[in-house]
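The listed protein sequences derive, respectively, from chains R and B. Start counting at 1 in the first sequence, then tack on 117, and there's your number in our numbering. Start counting at 1 in the second sequence, then tack on 474, and there's your number in our numbering. Backbone N, C-alpha and C fix where the C-beta goes; we use that ideal spot for every residue, glycine too. Since the model is a prediction, treat every value here as computed from it, not as a measurement. This report concerns only the one structure given below.
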Amino acid sequence: MLNAQSVTVSLSDREIVHDVSLAIAAGEVVALLGPNGAGKSTLMRALAGIIPFAGTLSVDGRPTATMRAGERARAIAYLPQDHVVHWPISIANLVLLGRLPHQRFGQAVSAADRQAALTAMRMMQIEGLADRPATEVSGGELARALAARAIAQDTPVIIADEPAAGLDPAHQIRLMSAFRSLAAEGKAVLLSIHDIELAARWSDRVVMMSDGRIVADGAPGEAISAALLARVYGIKARIGHDECGLTLTPLGLSED
Amino acid sequence: MNPRFAPIVLALATAALFMASLAFGAAPVGLARGIAALITGDDPVAAVIMREIRIPRALLGLGIGFSLGLCGAALQGFLRNPLAEPGLIGVSGAASFGAVVVFYSGIAGAFALAVPAGALAGAAFAVLFLLALSFGRASPMTLILAGVAVTSLSGALTALALNLSPNPFAAYEVIFWLLGSLKDRSMTDVAVALPLMAAGCVIVVLTGRALDALSLGEDAASTLGIDLRRVSLLLVVGVALAVGAGTAVSGAIGFVGLVVPHLLRPFTDRRPSTLLLASGFGGATLLLAADIAVRFIVPDRELNVGVVTALIGAPFFLWLVIRSRRELT
Numbered sequence: 118m119l120n121a122q123s124v125t126v127s128l129s130d131r132e133i134v135h136d137v138s139l140a141i142a143a144g145e146v147v148a149l150l151g152p153n154g155a156g157k158s159t160l161m162r163a164l165a166g167i168i169p170f171a172g173t174l175s176v177d178g179r180p181t182a183t184m185r186a187g188e189r190a191r192a193i194a195y196l197p198q199d200h201v202v203h204w205p206i207s208i209a210n211l212v213l214l215g216r217l218p219h220q221r222f223g224q225a226v227s228a229a230d231r232q233a234a235l236t237a238m239r240m241m242q243i244e245g246l247a248d249r250p251a252t253e254v255s256g257g258e259l260a261r262a263l264a265a266r267a268i269a270q271d272t273p274v275i276i277a278d279e280p281a282a283g284l285d286p287a288h289q290i291r292l293m294s295a296f297r298s299l300a301a302e303g304k305a306v307l308l309s310i311h312d313i314e315l316a317a318r319w320s321d322r323v324v325m326m327s328d329g330r331i332v333a334d335g336a337p338g339e340a341i342s343a344a345l346l347a348r349v350y351g352i353k354a355r356i357g358h359d360e361c362g363l364t365l366t367p368l369g370l371s372e373d
Numbered sequence: 475m476n477p478r479f480a481p482i483v484l485a486l487a488t489a490a491l492f493m494a495s496l497a498f499g500a501a502p503v504g505l506a507r508g509i510a511a512l513i514t515g516d517d518p519v520a521a522v523i524m525r526e527i528r529i530p531r532a533l534l535g536l537g538i539g540f541s542l543g544l545c546g547a548a549l550q551g552f553l554r555n556p557l558a559e560p561g562l563i564g565v566s567g568a569a570s571f572g573a574v575v576v577f578y579s580g581i582a583g584a585f586a587l588a589v590p591a592g593a594l595a596g597a598a599f600a601v602l603f604l605l606a607l608s609f610g611r612a613s614p615m616t617l618i619l620a621g622v623a624v625t626s627l628s629g630a631l632t633a634l635a636l637n638l639s640p641n642p643f644a645a646y647e648v649i650f651w652l653l654g655s656l657k658d659r660s661m662t663d664v665a666v667a668l669p670l671m672a673a674g675c676v677i678v679v680l681t682g683r684a685l686d687a688l689s690l691g692e693d694a695a696s697t698l699g700i701d702l703r704r705v706s707l708l709l710v711v712g713v714a715l716a717v718g719a720g721t722a723v724s725g726a727i728g729f730v731g732l733v734v735p736h737l738l739r740p741f742t743d744r745r746p747s748t749l750l751l752a753s754g755f756g757g758a759t760l761l762l763a764a765d766i767a768v769r770f771i772v773p774d775r776e777l778n779v780g781v782v783t784a785l786i787g788a789p790f791f792l793w794l795v796i797r798s799r800r801e802l803t
């Protein structure tokens with residue numbers, strides 16, 4: 118579904134992401150892991166079309182370079198890391214913004230738009246907040262509303278930058294299972310995450326980045342090893358496997 | 475109140491004040507007599523008063539007020555800052571300076587439209603500068619800073635022109651013009667300014683969807699298919715046409731574009747796009763009302779409407795600052 122080849126991203130003349138190739142199939146949830154400053158956000162912003170990059174990117178076989186802005190917005194949805202809403206618009210109107218790429222100029226909000234927004238709000242369990250101003254709900258509620266906005270965009274590819282940050286465990290699970298069910302509908306999901314156990318439990322594949330390069334890519338149980346964590350994060354950790362998936366106990370820093 | 479009603483209510487208020495603006499003036503000509511005179515042609519004095527004085531004045535009040543309210547709302551949405559106003563991108567300052575050059579050089583008396591032409595040239599220069607700057611990837615912040623630079627340079631050059639003024643009367647003429655007024659404008663002024671303002675307003679209204687998307691920040695907006703460069707281009711050109719043309723015929727009228735979107739935001743659903751029309755009609759309502767008020771406040775020495783809007787606007791601005799400071803602490 119999503120196919121990135123030799124993606125290199127530079128910000129103010131400094132190369133942040135070096136020659137990264139990444140393919141995500143329809144139905145697949147891929148977790149992007151890596152320490153702070155590894156280039157995860159930069160890679161995601163490049164794939165989402167926000168910053169320019171060298172290399173090629175295609176969605177469903179179609180190169181994004183040939184897509185118009187609106188077409189691209191119907192192919193890739195992007196959920197930014199920071200939770201920004203500048204005006205006290207209602208949660209319902211916020212989620213409906215995700216439908217913009219599907220609306221022609223001057224066209225009123227259609228029944229299909231409302232339905233998509235409502236479905237997304239139900240998935241994130243925020244339908245009760247529909248009329249509340251976005252600037253007055255709690256941080257976790259806003260995070261879910263913004264996720265619902267990206268889901269309402271109804272694109273084959275969803276890229277989410279730390280969508281689980283700031284959510285309580287129940288809502289983290291709800292969010293991850295929402296991504297799973299979107300993947301089950303045939304979408305490709307790429308999300309960055311700091312919680313390695315959460316990533317391992319809910320994703321089909323983990324991709325580990327370090328210093329702008331992919332250093333591991335595979336099924337969670339195989340890709341994540343104590344040696345990799347020591348090399349990438351500089352931590353000593355005990356990794357176990359139980360019926361729920363992978364467990365990780367950080368023991369300390371490698372140099373200790 | 476249902477947020478959908480705000481633009482309708484304000485449009486009705488604008489229509490009522492437009493008629494009131496036609497009805498009141500120094501001469502004792504009422505609305506019925508004036509309109510009858512225009513239709514029948516039996517009352518030449520009343521017809522001249524309507525055609526030469528009141529209709530141009532009411533039309534300019536409507537057009538300029540609408541432009542200021544609309545552009546203020548659009549720029550607040552674009553910059554995601556409730557303190558933005560149409561003068562911020564430097565067009566009003568540059569237009570004022572263009573007019574001052576015309577006064578100063580003595581071209582003002584040469585032909586009827588010399589002052590508006592000079593002001594439009596000033597506004598055009600400001601726009602070319604801003605466009606050249608945003609040809610690269612200019613952020614809204616760059617646009618604000620460039621606008622501030624243009625405004626202060628225009629202000630400094632205006633002060634220089636006043637400093638070097640050949641005689642006090644020329645300086646007085648410039649200062650009086652800078653205060654902003656809708657008095658004694660002709661239908662020729664209307665013919666020059668109104669089409670430009672209308673074109674500018676249409677261009678600005680086209681950015682509504684993009685402004686809504688920008689509520690989520692620039693990154694999210696661009697992934698919703700919004701081309702940020704195109705939006706800033708449309709806004710710079712639209713605001714320059716609407717506000718530049720207004721300044722060209724009326725001088726600088728401050729604070730309408732700042733105050734009106736603020737006052738009206740709570741009566742809308744707070745989306746930048748729904749605020750646009752409401753704020754346009756709100757601006758027209760405010761300017762028409764202020765322009766009627768100046769005819770009565772000091773009857774024998776009519777105040778400039780720009781003075782009145784600034785007198786209302788400045789304390790309001792201060793109140794905004796104090797309130798936002800309270801919210802921060």
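*asked:* Could you compute how far the alpha carbon of residue 309/R sits from the alpha carbon of residue 290/R?
replied: 15 Å
*asked:* Check whether chain R comes within 7 Å of residue 517/B, counting only Cβ atoms and requiring the distance to be less than that.
replied: Taking Cβ atoms only, chain R never reaches closer than 7 Å to residue 517/B, which makes this a no.
*Taking 6 Å as the cut-off, is the CB of residue 705/B close to at least one heavy atom of the ligand MG?*
In the structure on display, the ligand MG does not appear, and there are no ligands present to speak of.
*Counting only runs that start and end within the stretch 199-287 of chain R, where is the beta strand (DSSP E) found for 3 or more residues in a row?*
274-278
*Per-residue contacts from residue 746/B into chain R (C-beta, under 8 Å)*: 204
_Can you check which of these residues, 615/B, 695/B, 493/B and 579/B, is closest to residue 218/R by C-alpha distance?_
Its Cα nearest to that of residue 218/R, the residue 695/B stands out among 615/B, 695/B, 493/B and 579/B.
*Looking at the structure shown, is residue 455/B part of a helix, part of a strand, or coil, going by DSSP?*
Nothing in the structure corresponds to residue 455/B, since chain B is present only between 475 and 803.
*Please confirm if the stretch 251-266 of chain R is in contact with the stretch 168-179 of chain R, defined as three or more CB-CB distances below 8 Å between the two stretches.*
no
_Identity of the residue in 630/B, 772/B, 765/B and 774/B nearest residue 530/B by Cα_ = 765/B
*residue 420/B touches chain R at which residues, Cβ-Cβ below 8 Å?*
The structure shown does not extend to residue 420/B, since chain B is modelled only from 475 through 803, so no value can be given for it.
*residue 272/R classed as buried or exposed, judged by whether at least 16 other C-beta atoms fall within 10 angstroms*: buried
*So, residue 778/B versus residue 629/B, is the Cβ gap smaller than 7 Å?*
no
_Helix, strand or coil at residue 132/R [DSSP, three-state]_ = Strand, per DSSP.
*For chain B, is any of its Cβ atoms less than 7 Å away from the one on residue 147/R?*
no
*Separation of residue 665/B from residue 541/B, as counted between CA atoms*: 16 Å
*asked:* I need the straight-line Cα distance from residue 775/B to residue 768/B, nearest angstrom please.
replied: 9 Å
*To the nearest angstrom, report how far apart residue 757/B and residue 147/R are at their CA atoms.*
51 Å
*Determine the DSSP secondary structure at residue 766/B, reduced to helix, strand or coil.*
It is helical.
*How would you list, in chain order, the residues of chain B whose beta-carbon sits under 8 Å from the beta-carbon of residue 186/R?*
696, 699, 700 and 701
*asked:* By the DSSP assignment, the beta strand (DSSP E) with residue 736/B in it spans what residues?
replied: It is not in any beta strand (DSSP E) - residue 736/B instead sits in the alpha helix (DSSP H) that spans 730-738.
*Return the Cβ separation of residue 347/R and residue 371/R in integer angstroms, given the expectation that the two are a contact with Cβ distance under 8 Å.*
5 Å
*Name the chain B residues whose beta carbon is nearer than 8 Å to that of residue 193/R?*
697
_Identified DSSP bridge partners for residue 306/R_ = 146/R and 275/R
*Does the beta carbon of residue 711/B sit closer than 7 Å to a beta carbon anywhere in chain R?*
no
*Bridge partner(s) assigned by DSSP for residue 127/R*: 132/R
*Measure the CB-CB distance between residue 564/B and residue 624/B and report whether it falls below 7 Å.*
yes
_Less than 7 Å between the C-beta atoms of residue 681/B and residue 708/B, yes or no?_
Against a cut-off of 7 Å, the Cβ pair of residue 708/B and residue 681/B comes out as a contact.
_Which of helix, strand or coil DSSP assigns to residue 120/R_ = strand
*Within the same chain, show all residues whose beta-carbon is closer than 7 Å to that of residue 656/B, passing over the 5 residues directly before and after it, in chain order.*
Cβ neighbours of residue 656/B within its own chain (closer than 7 Å, five residues either side excluded): 531, 534, 535, 724, 765 and 779.
*For residue 629/B, the three-state DSSP class (helix, strand or coil)*: helix
*Hey, is residue 165/R's beta-carbon within less than 7 Å of any beta-carbon in chain B?*
yes
_Could you give the first and the last residue of the continuous alpha helix (DSSP H) run that contains residue 344/R?_
343-349
*Under a three-way DSSP split, which group does residue 184/R fall into?*
coil
*For residue 332/R, the first and last residue of its enclosing beta strand (DSSP E)*: 330-335
*Look at residue 568/B and residue 620/B and say whether their C-beta atoms are less than 7 Å apart.*
no
*Check the Cβ-Cβ distances between residue 500/B and every residue of chain R, and say whether any is below 7 Å.*
no
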